[in-house]
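Novice: Numbered by our numbering, the letters in the sequence shown go through residues 408 to 1523 in order.
Note that the Cβ used here is the ideal one computed from N, Cα and C, for glycine as well.
Bear in mind the structure is a predicted one, so any value in this text is a computation, not a measurement.
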Amino acid sequence: MRQDTINSNAYWDQRFSHDWESNGGQEQSRFFAEVAIEAMPQWLSNEIKWNKLTVCDWGCAQGDGTEALAQSLCWDVTGIDFSGPAIETAQQRYSRARFLQENLLDNPTRPRFDVVFSSNTLEHFANPWRVFDQIAEYASRFVVLLLPYREFNRHAEHEVTFDGRNIPVAPNPAWSLVYHSVVDTRLREPSYWLGEQILLVFARTEWLAARHFSLADLTLYETREAARAWALDSRRSLEHPFAMAEVHAARVGEQLRTVLAVKEARHARELEIACEELRREQARAGDLDVQLIGERSRAAVAEQRIVVEEERAAQLHLEINMLRAQLETTRAQAEKAKSAASLQDSLDDERDKTRQLSEENATLLAKAHQLEERLHFLQYRERALATEISTLLATKSWRMTAPLRALRGSPDWMKRRLRDVNYAYVHGGARNVLYRSAGCFAKHLKRSRQQPAVVLPAASSAVTMATPVTTASGPASVVARSSPRALADVFVFSIIDWHFRIQRPQHLAREFARAGHRVYFFSNHFEDAKEPGFSVEQLDETLPLYQIKLKVDQAPAIYFSVPAPKVIEQILEGLRLFRQWSGTTRSYALVQHGYWAPVATRLQAECVAYDCMDHHEGFGNVPRELLDLEETMMRRADLLVATSSWLEDHARQYNPHVEVIRNAGQYQDFCHPPVDRFVDRRGRRVIGYYGAIAEWFDAELVARVAEEFPDALILLVGADTAGVAARLSVFTNVEMVGEVPYARLPYYLYAFDVCMLPFKVMPLTLATNPVKIYEYLGAGSSVVSIDLPEMKQFGDLVRIAATHDEFLEQIRRAVTALPDAKRIVDQRKAFAAGQTWAHRVESFRRAIDALPRAKVSAIVLTYNNLPLTKDCLESLEQQDSGVDLEIVVVDNASTDGSADYLVSWAASRPNAKLILNAENRGFAGGNNVGLAAATGDYLVILNNDTVVTRGWARRMVNHFRNHPRLGILGPLTNNIGNEARVETNYVDLPSMHPEAAVLTEPNLGMLFELDTVAFFCAMLPRSTFELCGPLCEDYGLGFFEDDDYCRRVQAAGLVVGCAEDVFIHHHLSASFNQLGAERKRQLLEANRAIYESKWGPWTPHQYRHHGAKRAWRTFA
408 MRQDTINSNA YWDQRFSHDW ESNGGQEQSR FFAEVAIEAM PQWLSNEIKW
458 NKLTVCDWGC AQGDGTEALA QSLCWDVTGI DFSGPAIETA QQRYSRARFL
508 QENLLDNPTR PRFDVVFSSN TLEHFANPWR VFDQIAEYAS RFVVLLLPYR
558 EFNRHAEHEV TFDGRNIPVA PNPAWSLVYH SVVDTRLREP SYWLGEQILL
608 VFARTEWLAA RHFSLADLTL YETREAARAW ALDSRRSLEH PFAMAEVHAA
658 RVGEQLRTVL AVKEARHARE LEIACEELRR EQARAGDLDV QLIGERSRAA
708 VAEQRIVVEE ERAAQLHLEI NMLRAQLETT RAQAEKAKSA ASLQDSLDDE
758 RDKTRQLSEE NATLLAKAHQ LEERLHFLQY RERALATEIS TLLATKSWRM
808 TAPLRALRGS PDWMKRRLRD VNYAYVHGGA RNVLYRSAGC FAKHLKRSRQ
858 QPAVVLPAAS SAVTMATPVT TASGPASVVA RSSPRALADV FVFSIIDWHF
908 RIQRPQHLAR EFARAGHRVY FFSNHFEDAK EPGFSVEQLD ETLPLYQIKL
958 KVDQAPAIYF SVPAPKVIEQ ILEGLRLFRQ WSGTTRSYAL VQHGYWAPVA
1008 TRLQAECVAY DCMDHHEGFG NVPRELLDLE ETMMRRADLL VATSSWLEDH
1058 ARQYNPHVEV IRNAGQYQDF CHPPVDRFVD RRGRRVIGYY GAIAEWFDAE
1108 LVARVAEEFP DALILLVGAD TAGVAARLSV FTNVEMVGEV PYARLPYYLY
1158 AFDVCMLPFK VMPLTLATNP VKIYEYLGAG SSVVSIDLPE MKQFGDLVRI
1208 AATHDEFLEQ IRRAVTALPD AKRIVDQRKA FAAGQTWAHR VESFRRAIDA
1258 LPRAKVSAIV LTYNNLPLTK DCLESLEQQD SGVDLEIVVV DNASTDGSAD
1308 YLVSWAASRP NAKLILNAEN RGFAGGNNVG LAAATGDYLV ILNNDTVVTR
1358 GWARRMVNHF RNHPRLGILG PLTNNIGNEA RVETNYVDLP SMHPEAAVLT
1408 EPNLGMLFEL DTVAFFCAML PRSTFELCGP LCEDYGLGFF EDDDYCRRVQ
1458 AAGLVVGCAE DVFIHHHLSA SFNQLGAERK RQLLEANRAI YESKWGPWTP
1508 HQYRHHGAKR AWRTFA
């Protein structure tokens, strides 16, 4: 019969419902249970009974066997079967045991039993021990199985025959066989199994170790086996005479059969009497075993009680001693209490005085806080006004209108001056008029020289002014530079000045500084000056946080036009001076306005991040050229940060490396109530808002709020730049405070009963992630907002309204719910505590670390000169290239042991490839082999007689990203025959690196166009390689391949350039010098002829003119 049929629910439901009882199912279940009980070792029965272990009878059918187990052994048994009809019948018939309908083979999630018992079940499965593994998961100590044994003529429903060969001692590492007993059930009357049954007891291995199971536990098994052997021997001894009798009977006839039958009956009776006696002896032995175990248990309990009583006696003795000590202490305290009573009255008086002083002190502190806040506000306004004045005075329009201002006051001035002349003439004539006029002129001239046009207030912290530094035109004087800082400096190219309204730029800058970075906050306000330079303001004495103002001619505003080329050049020169002053070796550039794009992308920062805070096109007054520049910045940025989901979708059009880093709140500034807070004189509920009141502010919605809640105060805090005050002036319950300093915001926030965000729905607000929501929630306040995309992240913490009517209804609900439950307030504050600016800076840092690096393949061609090869490879590994660097080494059949070294070197480096040419294929052929094997997006042809410097590859890659027309690029070097050569002073490689930094750091972002890049080091993007193809191999061993390839690059419409911010040390012609002077000359002349046949007369390379004025050279 098919296994899937036998073990199906449908099969057994039909059996239990129709023919189970008619086929003797009840009797068989009880029969096998009794066989199992008889074969069960006494120690197991006692273990289950005494420790009250739980037992599962798996495959219990209609519960007849389960009832027998519970009745005979007093076990706590639960019968389990997957057949519903069977379990229903069992529950109706028996109450001693529990019954559940479950299928343990479906791996249900349920608690374990201590023991799983199963009678005549596993033989129905083709893989019984796999089934054992499944049911054993539901037993914590034992699995007991009763199975047909040596059933060689199998029943139709049985799938397997169990014998000594297929019963494992350890079915799996967790289980071990600890007991087994074979029972011949043919001798029973009545017998429902004409064969043998075997009882198997498996125990968890960990339990065996704890139980110390021994051979003595097999005693009962050995006794039963001995009895069985005796019975079998007795039977054999009886069978022999019977056989003889049969032979004799054949001879003597039918008369002896009666005698033999009588003898057979007598012997059978004797055998039954012997078996019965054996059973009684076994029972007596079991009882004695139980008594012995009981006595041992009682002795152990008695010993435990003695230990407990001894510990209790010791504890009582200790408590008595403690009580005695307490009694002595109490007596001493009683003596002191008499004198303390007289002191208590005077102490109470002193407490009253202290309380009065504390209240007076609190009042004074509150007043001092108010004065401090007022002073802070005035200082803030003073700096803001000074900034505005300096910006105004620096504008061209102010200077051009100076004559008009002078002319505006001229009529009154002329009248006064005519009266003075008339008076002088009357009282002294013409001489007196001339005398007085000269004195007046001298006095006015003296005053104008002594007094400046505008006196600006002193800054709150020291300001350092930097001026341009003149450098010599000759070789750089080498100054030892500091090693790179562990953390990069952060250059924040801001959209606002630091002293403007505190917003995202200031918060991010401060948290970067708190994270250990030096932060330089570049203000959008320039200082008007003809020469480049900068000024520094330290913003916090406890943090490395500075505001930098760059000097730019006519101080242009960044909001109204793109920077002119002269402005870019002056800003870059100012930044060069600034980096010289700051000693910056590593930097991140955080750009917050597109105006800075031409500057930030040339600083060779490790990461250029564009912080897309707003949808600038939504402002409506941004020039098209600035929007185009912003798009360029978004495409070029290494990391494009969006503050909202709307901006994320917009940003992904331009850049794949987009990270959403939303706004946040400075939780510690808002989570604690201030000592002083706004109080409405009339005690009304306060519905409040703080922030800018600009074109996105919905004045009509606020007007409806004022109408709907006439008994509440509508308190608006912020600068009104949209004329909202005029629209709301008709409402007596609306109060507009104006702009206040950031530190003053909690004073008003904690007076708001309900906070609101009444914005218009427009492109600008659809993209915004309001900072104030985080601050509202940081105070635990109730918030009602118009429905914007960014509100979804706040969930139930913010009430959302899609229309004006819904907004009014949500405010009504918020007011009705007051005071808010502590649980809700805690949820709001907990959310805000996890959304701080420190979290956002950490997100910035993780996003920067996760950015993919450009894949660059450096092809190093070697031919002998092993020491130089080692220096080259060592520099590639030690000097941080800032890219994902693949090193492809091609050896041109070296004869100095280079191949053996390179094999060993490449074997331990997963980023290295080694190609060993069987013959010297020349410079072009060898490099072509490496170029074909390279996988990088940028390919570098690098001689083995070079040594690279820190950041070399990243800087060269950045030039290609900044200049799409650039086709191939080389570095500066100490030794080459063209414009890339610069004068150097170093005498060894250790001193080369600091001098290289001095040569290149002032030239960040600079490159110039030249005719030919020498191929000791040349980088080309894969697009150039695919366009121009491999190097021409017509030139044999070498010479003129670089000239030839550069002509092909130029013919393709691309530019050949040299980076002035990358320096590579070069030994020059180390391989060619091995050829000898004459062979080199012949090779040079032959290859020149090949070159000129293709490209015309060769133009010899030239050195650069060192007297030329330094400039920010680039190309269109």
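For S753, which three-state DSSP category applies?
Specialist: Here S753 sits in helix by DSSP.
Novice: Go through the stretch 1038-1122 residue by residue and report every complete run of the beta strand (DSSP E) that reaches 3 residues or more, in order.
Specialist: Counting only runs of 3 or more, we get 1046-1049, 1065-1067, 1093-1097.
Novice: Would a C-beta distance cut-off of 7 Å place Y1157 and P1080 closer than the cut-off?
Specialist: Contact flag set, yes.
Novice: For A887 and N768, what's the separation of their Cα atoms in angstroms?
Specialist: Below a pLDDT of 50, predicted positions are generally treated as unreliable, and A887, at 41, falls in that range; the measurement from the model is reported next regardless. So the two alpha carbons sit approximately 57 Å from each other.
Novice: Just reading off the beta strand (DSSP E) that G1332 is part of, what are its end residues?
Specialist: No beta strand (DSSP E) holds G1332; the alpha helix (DSSP H) holding it covers 1329-1340.
Novice: Could you tell me the alpha carbon to alpha carbon distance between A633 and P492, rounded to whole angstroms?
Specialist: Any reading at A633 needs caution, since the residue's pLDDT is 48, under 50, leaving its predicted position unreliable; the model's value is listed next. In a straight line, the C-alpha of A633 is about 44 Å away from that of P492.
Novice: Mind checking A440: buried by the 16 CB within 10 Å criterion, or exposed?
Specialist: Buried: at least 16 other Cβ atoms inside 10 Å.
Novice: State buried or exposed for P448, treating a residue as buried only when at least 16 other CB atoms are found within 10 Å of its CB.
Specialist: Per the 10 Å Cβ criterion, buried.
Novice: Could you check how far apart the C-beta atoms of C1019 and Y995 are, in whole angstroms? I think they sit under 8 Å.
Specialist: Not really, about 16 Å apart at Cβ, beyond 8 Å.
Novice: Using only the alpha-carbon positions, how far apart do F1446 and V1456 sit?
Specialist: One C-alpha to the other measures close to 18 Å.
Novice: To the nearest angstrom, how far is it from the Cα of W1505 to the Cα of Q913?
Specialist: Rounded to the nearest angstrom, the two C-alpha atoms are 58 Å apart.
Novice: Ends of the alpha helix (DSSP H) at E1281?
Specialist: It spans 1273-1285 - the alpha helix (DSSP H) in which E1281 sits, taken as one unbroken run.
Novice: Buried or exposed for P1397, please, with buried defined as at least 16 other CB atoms from any protein chain shown within 10 angstroms of its CB.
Specialist: Burial call: exposed.
Novice: Which whole-angstrom value is the C-beta distance of G1358 and D1287, which I expect to be below 8 Å?
Specialist: With a Cβ gap of about 6 Å, G1358 and D1287 count as contacting.
Novice: Taking just the CA atoms, how far does V1394 sit from S855?
Specialist: With a pLDDT of 43 at S855, under the threshold of 50, the modelled position of this residue cannot be trusted, and the question is left open.
Novice: Could you check what DSSP says for I494 in three-state terms: helix, strand or coil?
Specialist: In the structure shown, I494 sits in a helix (DSSP, three-state: H, G or I).
Novice: Mind listing, in chain order, the continuous alpha helix (DSSP H) runs of no fewer than 4 residues lying wholly within the stretch 527-613?
Specialist: List check, alpha helix (DSSP H) in window: 535-543.
Novice: Taking only the alpha-carbon atoms, compute the straight-line gap between D752 and K760 and give it to the nearest angstrom.
Specialist: Taking the straight line joining both Cα atoms gives about 13 Å.
Novice: In three-state DSSP terms, what is N1350?
Specialist: In this structure, N1350 counts as strand in the three-state DSSP scheme.
Novice: Would L584 pass as a contact of V576 if the rule is Cβ separation under 7 Å?
Specialist: It is a contact, given that the beta carbons lie within the stated cut-off.
Novice: State the beta-bridge partners of P1153 as determined by DSSP.
Specialist: The partner list for P1153 (beta bridge, DSSP) is empty, contrary to what the question assumes.
Novice: Would the beta-carbon of A577 be found less than 6 Å away from any heavy atom of the ligand ADP?
Specialist: This structure lacks the ligand ADP; in fact it carries no ligand of any kind.
Novice: Buried or exposed: D756, going by 16 or more other Cβ atoms within 10 Å of its Cβ?
Specialist: Flag for D756 reads exposed.
Novice: Determine the direct distance from the alpha carbon of V715 to that of I605, and round the result to whole angstroms.
Specialist: Roughly 46 Å separates the two Cα atoms.
Novice: Using the three-state DSSP reduction, which class does L946 fall into: helix, strand or coil?
Specialist: It is a strand residue.
Novice: Would you kindly work out how many angstroms separate the C-alpha atoms of D1468 and I1180, rounded to a whole number?
Specialist: So the two alpha carbons sit approximately 46 Å from each other.
Novice: Helix, strand or coil, according to DSSP, for W1359 in the structure here?
Specialist: Of the three classes helix, strand and coil, the one that applies to W1359 here is helix, per DSSP.
Novice: In whole angstroms, what is the alpha-carbon distance linking Q1234 and E454?
Specialist: Q1234 and E454: Cα-Cα distance of roughly 53 Å.
Novice: Please look up how many angstroms separate the CB atoms of P963 and F1077, rounded, as I've assumed it's under 8 Å.
Specialist: With a Cβ gap of about 37 Å, P963 and F1077 do not count as contacting.
Novice: Between H587, H932, V897, E918, which lies nearest to F907 when the distance is taken from Cα to Cα?
Specialist: For the residues H587, H932, V897, E918, the minimum Cα distance to F907 belongs to H932.
Novice: Relative to the C-alpha of F928, which candidate in E934, P951, G940 has its C-alpha closest?
Specialist: Closest by alpha carbon: P951.
Novice: What is the DSSP secondary structure of W1244, counted as helix, strand or coil?
Specialist: If DSSP states are grouped into helix, strand and coil, W1244 belongs with the helices.
Novice: Just checking, does the stretch 1195-1204 make contact with the stretch 1118-1130 on the three C-beta pairs under 8 Å criterion?
Specialist: Segments in contact, no.
Novice: Taking the runs of the beta strand (DSSP E) that are 3 residues or longer, which of them lie wholly in the stretch 1146-1211?
Specialist: The stretch 1146-1211 contains these whole beta strand (DSSP E) runs: 1161-1164, 1189-1193, 1206-1208.
Novice: In or out: F967 buried (at least 16 other Cβ within 10 Å) or exposed?
Specialist: Exposed, because fewer than 16 other Cβ atoms sit within 10 Å of the Cβ of F967.
Novice: Taking DSSP's pairing of strands, which residues face I902 in a bridge?
Specialist: I902 is not bridged to any residue.
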